[in-house]
Structure formats: C-alpha cells, structure tokens
Amino acid sequence: MLEQEDVLVLKTEPSGESFLKLHLLSIESGIFLCLKRRPKQAHTSTTPDLFDRAALILERSQQGNMRFVKEYQLTQRREQIGQNYHSLRHACRLSALLVANATHMPESERLFSLTERALNAFAAGKAPEVVLFKSLYLLLKDEGYPVRESWWPTLHDEWRRHARQLLREPAPARQEQAAQKSCERIEQHLSQWMRYNTDLILPD
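In this text, residue positions in the sequence shown follow our numbering: the first is 1, and each later residue adds one.
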C-alpha cells in the first residue's frame, strides 16, 4: 500500500551500501524513520538533503514496521543554512533535539509549523541564536512544560527584559555582540532548565 506525505528532513545517514536512513517530520506521522535506496546516478533533486521539504510516496515493508521511499519530489531546498556555520550549527541542534525526542513531541501539525518557520528563518539568514531560543521556548510551551511559570522567574531582570523582547519581535538579521552573548546565555540557561526539569533528552 502506498502512502503520500509532505515531510521535512531532520537527519540523513547511510544505512549499509544501498540505502539512506531518513529521519523525517510530517503532519500525519510526526517524527518517523524510513529508508531510501541510493540511486545509481545521483540526481540533486531526488537525493535527500538536510532540512529539505519534500513530497514523498512511501511503501510499507511486508512486516509493516518500516517504510521505504518510492518517490522523492523536492519542494524546497534550504542550502543557505549550510553556507553559514552558525546557522548550520544552531539548526542541527534543533533537529537533533527533535530526533532524540521523537516520542515526546507535541501535536504534529503545530510541531511541523514551528519547525518549518525555524528552518525558513535559519535559511533567510536570521540571527541563529535568536531563532534557536525562540524555537526551544515555543516547543516547551507547546509540549505543556511550565516554562513560563517555572523557568521565567529564575531569570534576573536584565535577562528577563531581553528574553521578553526576543519573544515578542521577529528575529533580526543580526544582533550586536553584547545582545548576541546575552541571547546565547539565556538559551543556555533554558537548556539547563530543560535538562533538569523535563524528560526531554538533550543531545551532546
């Protein structure tokens, strides 16, 4: 039986000599794993790349516990993310968090929208530290963790003012160095809170 899904590519890795292992996010299935046979001749538009959006035709194995990509139609490629080290590093942190916590993630439609907005912002060259912080905060909020009630009061006044500004305004193209450092410390503080106050796995 064939299935059609619109997906975001969160992670790719080789699986033996013949297949690629793909960690994908879709509205219908949430975060899931499937396999795609490597083409004998590589075609850019049919070879999955990190952070792609694509329309897939999927086929289940006879046992029904694994899906294989029969057709990969590229919708959007975000190669701009890989052209900036900081954007790539922060985008990979977000995707690694999602893959590591596939079973804990919130309702799929909201998660798909949040992830796509974040990837589009990374690709558009928005300040990556801001995009990551906002994405983590909203992810925790959507998941139902008491981030506002429990984490927010632990911020000192200056960080709280900055965090409020970051959450209210669109991510800028860049921040001044002092604001960038402040945002990074706020995000690290949030990640530390996540580590000790949630059941989410934070990849190293």
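We treat Cβ as the ideally placed atom computed from N, Cα and C, and that holds for glycine.
Residue burial classification, residue i (beta-carbon count within 10 angstroms, cutoff 16)
| i | result |
| --- | --- |
| Arg37 | exposed |
| His156 | exposed |
| Thr115 | buried |
| His90 | buried |
| Ile31 | buried |
| Tyr196 | exposed |
| Ala118 | buried |
| Leu190 | buried |
| Leu167 | exposed |
| Arg78 | buried |
| Leu140 | buried |
| Met1 | exposed |
C-beta contact flag for residue i and residue j at 7 Å
| i | j | result |
| --- | --- | --- |
| Leu74 | Gly82 | no |
| Leu50 | Val9 | yes |
| Thr12 | Leu20 | yes |
| Pro170 | Ala127 | no |
| Ala102 | Pro203 | no |
| Phe122 | Val131 | yes |
| Glu187 | Phe133 | yes |
| Gln76 | Arg53 | yes |
| Val7 | Leu56 | yes |
| Ser108 | Ile27 | yes |
| Leu22 | Pro48 | yes |
C-alpha distance - residue i paired with residue j, whole-angstrom precision
| i | j | result |
| --- | --- | --- |
| Arg205 | Tyr85 | No information on residue 205 is available, as it lies outside the stretch 1 to 204 that the chain covers here. |
| Ser29 | Leu35 | 15 Å |
| Glu17 | Arg160 | 50 Å |
| Met194 | Glu71 | 38 Å |
| Leu136 | Glu5 | 25 Å |
| Thr46 | Glu184 | 36 Å |
| Ser182 | Ala124 | 22 Å |
| Asp142 | Gln41 | 42 Å |
| Ala179 | Thr154 | 19 Å |
| Ser15 | Cys92 | 20 Å |
| Gln177 | His104 | 35 Å |
| Gln175 | Glu3 | 44 Å |
| Gln165 | Leu33 | 37 Å |
| Gln80 | Asn120 | 10 Å |
Opposing strand residues paired with residue i [DSSP bridges]
| i | result |
| --- | --- |
| Cys183 | Answer is none; Cys183 lacks a bridge partner. |
| Arg67 | Cys34, Arg60 |
| Val9 | Leu24 |
| Arg195 | DSSP, once it has assigned bridges, lists no residue as partnering Arg195. |
| Arg53 | Leu8, Gln76 |
| Leu2 | Glu59 |
| Pro14 | Leu20 |
Review point. Are three or more beta carbon pairs between the region 56-67 and the region 145-155 nearer than 8 Å?
Key: no
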